[in-house]
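*Asks:* Protein chains in written order, with the UniProt record's numbering: chain A, 1 to 559; chain B, 1 to 559. Yeah, the Cβ is synthetic: ideal placement off N, Cα and C, and Gly gets one too.
2 protein chains.
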Amino acid sequence: MTTMASDIEIAQQTALKPITEIAAQMGLTEDDLELYGKYKAKISFAAVKRMQQHENGKLVLVTAVNPTPAGEGKSMTTVGLAQAFNLLGKKAVAAMREPSLGPVFGIKGGAAGGGHSQILPMEDINLHFTGDMHAVTAANNLLAAAIDNHVHQGNELRIDVRRVIWKRVLDMNDRALRHTVVGMGGKTCGFPREDRFMITVASEIMAVLCLADDLTDLKRRMANITVAYDLDGNLVTAGRLGVAGAMAILMKDAIKPNLVQTTENTPALVHGGPFANIAHGCNSVIATKLAMKTGDIAITEAGFGADLGAEKFMDITCRFAGIKPDAVVIVATVRALKMHGGVKKTDLQAENTDAVKKGFANLAKHIENMRKFDVPVVVGINRFHTDTAAEIACLTALCRSYGVEAGVNDCWAEGGEGGREVAEIVLRLMEGPKTPYKPLYDAEASIPEKMKKIVTEIYGGKDVIFETKAARQVKELEAFGLDKMPVCVAKTQYSLSDNAELLGAPEGFVVTVKDVRVCTGAGFIVCETGNIMTMPGLPKVPAANRMDIDENGNITGLF
Amino acid sequence: MTTMASDIEIAQQTALKPITEIAAQMGLTEDDLELYGKYKAKISFAAVKRMQQHENGKLVLVTAVNPTPAGEGKSMTTVGLAQAFNLLGKKAVAAMREPSLGPVFGIKGGAAGGGHSQILPMEDINLHFTGDMHAVTAANNLLAAAIDNHVHQGNELRIDVRRVIWKRVLDMNDRALRHTVVGMGGKTCGFPREDRFMITVASEIMAVLCLADDLTDLKRRMANITVAYDLDGNLVTAGRLGVAGAMAILMKDAIKPNLVQTTENTPALVHGGPFANIAHGCNSVIATKLAMKTGDIAITEAGFGADLGAEKFMDITCRFAGIKPDAVVIVATVRALKMHGGVKKTDLQAENTDAVKKGFANLAKHIENMRKFDVPVVVGINRFHTDTAAEIACLTALCRSYGVEAGVNDCWAEGGEGGREVAEIVLRLMEGPKTPYKPLYDAEASIPEKMKKIVTEIYGGKDVIFETKAARQVKELEAFGLDKMPVCVAKTQYSLSDNAELLGAPEGFVVTVKDVRVCTGAGFIVCETGNIMTMPGLPKVPAANRMDIDENGNITGLF
C-alpha cells in the first residue's frame with residue numbers, strides 16, 4: 001500500500017462510500033442527514049438529541065509536541081488511529097476541526113490529514129465545505145455592522161467608539177487588515193474609529209459554536225457577547241443591539257455537525273475550527289459528544305502543541321462539556337525533535353541521535369504536562385521515510401526511560417494498518433479505571449493567578465507580566481466581576497514560551513501579556529501574549545500560487 | 001386559495017417535491033445533481049454541457065417600473081408567470097438571481113418572491129443557500145490579500161498603492177467600510193493606503209460568474225481582471241499575481257447553477273446575484289441558457305426598473321450571450337404609479353385615479369424604452385388588495401391607449417392561476433416572428449457617446465457630464481484602448497435620473513458621472529453616477545432586528 005502519491009492524488013483515487021452508509025455505521029438513518037452532495041452531510045438536531053440517550057464510548061485526545069516546519073502530522077495520526085481502532089474491532093468515530101481558508105492559501109495548504117489517513121472529500125473539506133466558516137464570518141460581521149450602525153443612527157446605548165471590542169473577521173490571511181481606520185468619508189459613512197480585522201477562526205462566534213449545547217444555547221451565548229464599552233465605562237452586550245436572533249438564523253445550519261469519512265471509510269465528524277494559538281483550538285463539543293455516543297471510541301484532536309490545544313481542551317472544553325479523555329496520544333516525530341534539538345530544516349536528512357536526545361526535552365515537557373491532568377499518556381511516533389532505525393530506537397528508548405509507552409505510527413503510508421501499534425497501547429491503557437476530571441487551575445482564581453499557573457506549570461516559565469494596558473484590563477474585569485472564568489491564552493505555537501525562537505524546553509523565561517479581553521459568550525478570558533497576531537499574513541509565495549483547476553474541475557496543488 | 005398568511009408561513013406550509021423530481025421534469029437525472037439537502041441541488045458541468053444540444057425554448061424577460069417603497073413584486077411575478085405557463089401546458093423554467101444577505105438584514109428582508117409565488121426553501125435561498133455568495137466574497141478577498149501581500153513582499157510588479165483599483169467585499173450592509181485606511185500598524189502590517197469595501201454583489205467576480213460560459217472561461221476572465229496601476233501608470237491584472245487558479249478553485253461549485261422549485265413545484269434556476277443599481281443586475285448566463293434548453297419557456301428577471309436591469313440585460317448580457325428575449329413583461333402596480341404620481345406612502349390607501357394617470361408617465365417611459373430593443377412588450381399589473389376597480393380600470397385603459405397590452409396578475413394570492421391573463425398575452429405575442437438582436441448602442445463608440453445615448457434615450461435626460469476625475473479616467477481608458485466595451489451604469493434605482501428624488505418621468509436633467517472603472521474580466525466599463533454607493537448601510541431599525549429562530553430551527557421575521 002506504500003506509495004509516494006500526493007495527498008490529493010490518494011484522495012482522488014479513494015473509493016468513497018455514500019455518506020448514508022457511513023451514517024448507518026453510527027446508527028443514523030437517511031432521515032437524520034441533510035446531504036451536501038453524496039459524501040458530506042449535516043446531522044439533524046433530532047438525531048443529535050436522540051443519540052444523547054446512548055452510552056458514552058471512550059474518548060481519546062490527540063495532541064503533539066510544539067510544531068516545527070518539519071511537520072508533525074497530528075490530524076493524520078488522528079485519522080489513522082480512528083482507522084486502526086476499527087481494524088482492532090472497535091467502532092471508532094473521529095471528531096475533528098474544519099480547516100480555515102487562511103492557512104489553505106497561506107503556508108500550510110490543506111488540513112485534512114495526509115497520505116492514506118485523510119478525511120475526504122479533502123478538496124471540499126479544505127474549501128467551503130458545508131459553509132460553517134462563512135456562516136461564522138457572516139454572523140460576526142452582522143454584529144459588527146449593527147454596532148457601527150447603532151452609533152450612526154443616534155447611539156442610544158452611548159457606545160464609546162474609542163472602546164469597541166468587537167472586531168470584523170475574514171477567513172483569509174490578510175495582514176493589511178490588522179490595523180485599519182473605518183467610518184471615514186464623512187456624515188453618510190458613520191463615525192471614524194480605529195479598528196482591526198481578525199481571521200474568522202479567532203471570532204468569539206467560532207468559540208461559541210464549539211462550546212454551545214444546541215441552537216438555543218448558541219443564541220443565548222451570542223446575546224451575551226460583550227461588544228463595547230459605553231461612555232460611562234459599562235459593558236454593552238450583543239443582545240442590546242437586537243441582532244442575536246438574526247445571528248442565530250445565520251448559524252442555524254452551522255451548528256449541525258458535519259459527517260464525512262476517512263480514506264478507509266471510518267466516520268469523521270468535522271465541525272468547528274478555532275485555531276489553538278489565537279483561539280481555543282478544539283472542534284465542537286456537539287461533535288465530540290456525538291462521536292462518544294455513536295462510537296466505542298471517539299478520537300479527537302486539539303490544535304498545535306499540548307501547551308496550547310490540549311491545555312485548552314482540558315481547562316476549557318472539558319470543564320464546560322463535563323467530559324474527560326480516557327487517554328492522550330502525544331504525536332512526535334524524529335524530525336521535529338531534531339529541530340527542537342537545534343538542527344536546521346536543511347540538515348534534517350542526516351542521522352543525528354544526539355539532536356533527538358536534546359530535542360526530547362520538548363516532548364518530555366508535554367508528557368509531564370499531560371500527566372498533570374491525571375490521564376494515561378501514550379507517545380505516537382509518526383515515522384517519516386527519512387527517519388533512521390537508530391533515531392527511532394533512540395526516541396523509543398527515551399520515552400521508555402521517561403516512563404511512558406511509545407508506539408511507531410505509519411498511518412501516512414499504510415493507513416489504519418500503520419496505526420495498530422499505537423492503537424493497541426491506547427486500548428490497553430484505557431482498561432484502567434477512569435479518574436475524575438482534574439483541571440490545571442480553579443476558574444475562581446484571579447486572572448494573574450490562572451495565567452501564572454499556566455505559565456509556570458505548563459509552559460515551564462518562571463513568571464508572567466501584564467503590560468500596562470493588560471493590567472488595566474484585568475482590573476476592569478475584576479471590577480465587573482468577570483474574571484472568574486477559564487483563561488484562553490493566545491501564544492505562538494512554535495515554542496513553549498511566548499517567543500517563537502525558543503525551541504526545545506526553555507526555562508526561566510517570562511511571558512508578557514499585552515491584551516486581555518473577556519468573551520462573555522464563550523465564557524472565557526483571552527490573554528494575548530508576546531507578539532501573537534489574530535490576523536495572519538500571506539508568505540512571499542502563498543500556497544494559493546501553486547494551485548490550479550482544469551476544465552473538468554480537477555484540482556492540483558492543494559495538499 | 002386567498003390567504004393573508006405571511007410569506008414564510010406560506011413557504012413553511014407548502015409541500016415541496018424532492019428536487020430529483022423537479023430535475024426530472026427538466027430531463028435531468030439524479031446523477032446530474034449535487035444535492036444540498038432534499039430540496040436544493042447544483043447541476044453538474046456534464047449535464048449543462050449535455051443540455052446544450054437541445055433546442056432553445058422561448059425567453060421572457062420580466063422587468064418593472066422604478067421601484068418605490070410601495071413594492072412592485074417583480075420576483076413574485078416572475079415566479080407566478082412561470083407557474084402560469086405550466087398551467088397553460090407549457091414547460092416553464094425560471095432563471096433568477098440569488099439574494100444577498102445585505103438587503104435580507106437591511107431594509108428589504110427576503111428576495112425570493114412572495115405569497116403563493118415564491119421560490120423555496122425560501123429560508124435557505126435567503127440565507128447561505130449553496131454558498132455562492134460566500135465563494136464570490138472569498139475569491140474577491142483572496143485577490144485583495146494577494147495584492148497587498150505582493151506590495152509587502154517586495155512589490156516586484158511596482159504596484160502603486162495610491163492606485164489600487166481592486167476592493168475588498170463583504171456580503172453585508174456596512175457603511176463603516178465605505179472609506180477605510182488599511183495597512184496601518186507598522187512594518188509587519190504592510191503599506192498603509194486608502195481603501196474601500198463594496199458589497200459582494202458589486203464585485204467583478206460576481207459579474208464574471210454571471211457572464212462566464214464555463215469554468216475555463218471563468219478562470220480566464222478572472223485572470224484578466226484589472227486590479228491596480230503600477231508606478232509607471234500601466235495596468236496590472238490579477239493573472240500577474242498568480243492567484244487566478246486558486247480563485248477558480250474557490251469558484252468551482254459556485255459556477256454550477258442551483259436548482260430549486262416554486263410554491264407550485266415549477267423548476268427555478270437561481271444562480272448569481274448582482275444588484276442592478278451598482279452592478280449589471282442579471283442572473284448567470286449559464287442558468288438562463290440552461291432554462292432555455294430545458295423549458296419551452298425560460299422566464300428571467302432583471303433587477304430594479306427597466307432603466308437599470310433590463311437595459312443591462314439587453315446591452316450587456318444579451319450581447320455577450322448571444323440571446324434575446326422573445327417578450328418583455330413590465331411589472332407595474334397601482335400603488336407604485338400613485339407614488340410616481342406624487343402620493344405619499346401614508347396616503348396610498350385612498351383611491352386616486354388622478355395620481356395613477358400622472359404616475360403612468362414612469363411606466364410609459366419604460367414601455368417606450370423596451371420597444372427600442374425591438375421586442376414585444378406586455379404590462380403585468382400586479383394587483384394589491386387595496387387597489388380599487390376604478391384604479392385598475394384606469395391603468396388598463398392608459399396602457400391600451402398607449403398601444404400596449406396589459407393584464408392583471410394576482411400571483412401573490414393565487415399563484416400560477418393568478419398569472420393566467422398575463423401569461424396568455426405573452427404567449428400570443430411570442431407567436432410572431434423573432435426579430436434580430438438590437439442593442440441600444442454600438443460598443444465601439446466612446447464611453448461618453450455610450451453614456452449619452454443611455455442617458456438621453458433610456459433615462460430621458462438631456463445630457464451627461466463627467467466630473468474631473470471621471471473625465472481623466474475616460475482618457476486613460478481610451479489611451480489603453482479599453483473603452484470599446486459596453487457600459488454598466490451605477491445609478492439610483494428610484495428614479496429614471498441619477499437623483500433618487502425625481503419620480504415619475506423627469507425630463508431635462510443632467511446625469512453626473514463621478515467615477516469610471518474598467519472591468520476587463522467582466523468585459524464592461526462601470527460608470528458611477530450621482531451619489532450611488534457600492535456599499536449600502538443599515539437603516540435605523542434593520543430587518544435583522546425583527547428576526548428570530550426557535551429551538552427547533554423555526555424562523556420568524558424573514559420575509
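#1: How long is the line joining the alpha carbons of residue 268 of chain B and residue 362 of chain A, rounded to whole angstroms?
#2: Report buried or exposed for residue 253 of chain B, applying the criterion of at least 16 other Cβ atoms within 10 angstroms of its Cβ.
#3: Counting only Cβ pairs nearer than 8 Å, list the residues of chain B close to residue 515 of chain A.
#4: So which residues on chain B does residue 510 of chain A lean against when the C-beta distance must stay under 7 Å?
#5: So, for residue 319 of chain B: in the same chain, excluding its five sequence neighbours on each side, which residues have a beta-carbon less than 8 Å away from its beta-carbon?
#6: In three-state DSSP terms, what is residue 535 of chain B?
#7: Exposed or buried, which one is residue 271 of chain B when buried takes at least 16 other CB atoms within 10 Å?
#8: Counting contacts by CB-CB distance shorter than 9 Å, is residue 278 of chain B in contact with chain A?
#9: Quick one: which chain B residues come within Cβ less than 9 Å of residue 482 of chain A?
#10: In chain A, what lies closer than 9 Å to residue 367 of chain B by C-beta?
#11: Residue 181 of chain B touches chain A at which residues, Cβ-Cβ below 8 Å?
#12: Could you pull out every unbroken alpha helix (DSSP H) segment of at least 4 residues lying fully inside the segment 211-265 of chain B, listed in chain order?
#13: Secondary structure at residue 118 of chain B, three-state DSSP: helix, strand or coil?
#14: So the candidates are A:13, A:5, A:21 and A:26; which of them puts its Cα closest to the Cα of residue 293 of chain A?
#15: So what does residue 58 of chain B bridge to, in DSSP terms?
#16: Within 10 angstroms of the Cβ of residue 62 of chain B, are there 16 or more other Cβ atoms? Answer buried if so, exposed if not.
#17: Does any CB atom of chain B fall closer than 9 Å to the CB of residue 271 of chain A?
#18: Which residue from B:104, B:139, B:191 and B:146 puts its Cα closest to that of residue 564 of chain B?
#19: Taking Cβ positions only, does residue 477 of chain B come closer than 9 Å to chain A?
#20: Can you give, in chain order, each stretch of the alpha helix (DSSP H) that sits fully within the segment 54-108 of chain A and has at least 4 residues?
#21: If contact means a Cβ-Cβ distance below 7 Å, which residues of the segment 123-137 of chain A contact chain B?
#22: Would you say residue 542 of chain A lies against chain B (beta-carbon separation less than 9 Å)?
#23: Hey, does residue 105 of chain B have any beta-carbon neighbour from chain A nearer than 9 Å?
#24: Determine the extent of the beta strand (DSSP E) in which residue 560 of chain B is found, giving its start and end residues.
#25: Can you pull out the residues from the segment 224-252 of chain A whose beta carbon lies closer than 7 Å to at least one beta carbon of chain B?
#26: How long is the line joining the alpha carbons of residue 141 of chain A and residue 197 of chain A, rounded to whole angstroms?
#27: Assuming the contact rule is C-beta atoms closer than 8 Å, residue 48 of chain A and residue 290 of chain A should be a hit. Round their C-beta distance to whole Å, please.
#28: Using beta carbons (cut-off 9 Å, strictly below), is residue 23 of chain A in contact with chain B?
#29: How about residue 14 of chain A: is its C-beta nearer than 9 Å to some C-beta of chain B?
#30: Alpha carbon to alpha carbon, how far is residue 184 of chain B from residue 431 of chain A? Give it in angstroms, no decimals.
#31: Compare the C-alpha of residue 555 of chain A against each of A:312, A:205, A:127 and A:43 and name the closest.
#32: Which residues in chain A sit within 8 Å of residue 206 of chain B, going by Cβ to Cβ distance?
#33: Below 8 Å CB to CB, which residues in the same chain sit around residue 553 of chain B once its five sequence neighbours on both sides are set aside?
#34: Pairs of beta-carbons, one from the segment 398-415 of chain B and one from the segment 374-381 of chain B, closer than 8 Å: are there three or more?
#35: Taking DSSP as the reference, what is the three-state secondary structure of residue 1 of chain A?
#36: Considering Cα atoms alone, identify which of B:240, B:260 and B:160 is closest to residue 35 of chain B.
*Replies:* So, to answer that:
#1: On the second sequence, residue 268 of chain B is found 268 positions in, with the first residue counted as 1. On the first sequence, residue 362 of chain A is found 362 positions in, with the first residue counted as 1. Cα-Cα distance, rounded: 59 Å.
#2: Mapped onto the second sequence, residue 253 of chain B falls at position 253. Classification for residue 253 of chain B: buried.
#3: Taking the first residue of the first sequence as 1, we reach residue 515 of chain A at position 515. Within chain B, no residue comes near residue 515 of chain A; the closest Cβ sits about 14 Å away, beyond 8 Å.
#4: Within the first sequence, the letter at position 510 stands for residue 510 of chain A. Chain B residues near residue 510 of chain A: none, gap ~22 Å exceeds 7 Å.
#5: As a working mapping, residue 319 of chain B is identified with position 319 in the second sequence. Same-chain partners within the cutoff: 437, 439, 443 and 486.
#6: Residue mapping note: residue 535 of chain B aligns to position 535 of the second sequence, counting from 1. Residue 535 of chain B: coil per DSSP, three-state reduction.
#7: Position 271 of the second sequence, counted from the start, is the residue given in the question as residue 271 of chain B. Burial call: buried.
#8: Stepping through the second sequence from its first residue, residue 278 of chain B is reached at position 278. With 9 Å as the cut-off, residue 278 of chain B does not count as an interface residue toward chain A.
#9: Here the question's residue 482 of chain A lines up with position 482 in the first sequence. Within 9 Å Cβ-Cβ: nothing; residue 482 of chain A doesn't reach chain B, min ~26 Å.
#10: On the second sequence, position 367 is the one that residue 367 of chain B refers to. Those within 9 Å of residue 367 of chain B in chain A number zero; the least Cβ separation is about 35 Å.
#11: Locating residue 181 of chain B in the second sequence gives position 181, counting from the first residue. Correct list: 180, 181 and 184.
#12: 215-224 and 244-250
#13: Translated into positions along the second sequence, residue 118 of chain B becomes position 118. Residue 118 of chain B: strand per DSSP, three-state reduction.
#14: Counting from 1 along the first sequence, the entry for residue 293 of chain A is found at position 293. The candidate whose alpha carbon is nearest that of residue 293 of chain A is A:26.
#15: What you label residue 58 of chain B is simply residue 58 of the second sequence in a count that begins at 1. As a beta-bridge residue in DSSP terms, residue 58 of chain B pairs with B:297.
#16: Locating residue 62 of chain B in the second sequence gives position 62, counting from the first residue. Residue 62 of chain B should be labelled buried.
#17: As a first step, residue 271 of chain A must be located in the first sequence, where it is residue number 271. It does not; no Cβ of chain B falls within 9 Å.
#18: Any answer about residue 564 of chain B is impossible in this case: the structure gives chain B only from 1 up to 559.
#19: In the second sequence, residue 477 of chain B corresponds to position 477, counting from 1. Not closer than 9 Å to any Cβ of chain A, the Cβ of residue 477 of chain B fails to qualify, so no.
#20: The qualifying runs are 74-87 and 101-105.
#21: 127, 128, 131, 134 and 135
#22: Taking the first residue of the first sequence as 1, we reach residue 542 of chain A at position 542. Closer than 9 Å: yes.
#23: Translated into positions along the second sequence, residue 105 of chain B becomes position 105. Residue 105 of chain B counts as touching chain A.
#24: One cannot answer for residue 560 of chain B here, as it falls past the ends of chain B, which runs 1 to 559.
#25: 242, 243, 245, 246, 248, 249, 250 and 252
#26: Within the first sequence, the letter at position 141 stands for residue 141 of chain A. Within the first sequence, the letter at position 197 stands for residue 197 of chain A. Approximately 10 Å, taken between the alpha carbons.
#27: Locating residue 48 of chain A in the first sequence gives position 48, where the first residue counts as 1. Locating residue 290 of chain A in the first sequence gives position 290, where the first residue counts as 1. That belief holds up - the Cβ atoms of residue 48 of chain A and residue 290 of chain A are roughly 6 Å apart, short of 8 Å.
#28: Counting from one through the first sequence, the residue named residue 23 of chain A turns up at place 23. With 9 Å as the cut-off, residue 23 of chain A does not count as an interface residue toward chain B.
#29: Numbered from 1 along the first sequence, position 14 holds the residue referred to as residue 14 of chain A. So no, residue 14 of chain A is outside the interface.
#30: Position 431 of the first sequence, counted from the start, is the residue given in the question as residue 431 of chain A. Position 184 of the second sequence, counted from the start, is the residue given in the question as residue 184 of chain B. Near 56 Å, if we compare the C-alpha coordinates of residue 184 of chain B and residue 431 of chain A.
#31: Along the first sequence, one-based indexing puts residue 555 of chain A at 555. It is A:127.
#32: Within the second sequence, the letter at position 206 stands for residue 206 of chain B. Result: empty, since nearest Cβ-Cβ is about 15 Å, beyond 8 Å.
#33: For the purposes of this step, residue 553 of chain B is taken as residue 553 along the second sequence, with counting starting at 1. Taking C-beta separations shorter than 8 Å and ignoring five residues to either side along the sequence, residue 553 of chain B has no partners in its chain.
#34: yes
#35: Residue numbering aside, residue 1 of chain A sits at position 1 when the first sequence is read from its first letter. The pLDDT assigned to residue 1 of chain A is 41, lower than 50, so where the model puts this residue is not dependable; a value taken from the coordinates is nonetheless given after this. Coil at residue 1 of chain A, not helix or strand.
#36: Along the second sequence, read from residue 1 onward, the residue named residue 35 of chain B stands at position 35. Considering only alpha carbons, the answer is B:260.
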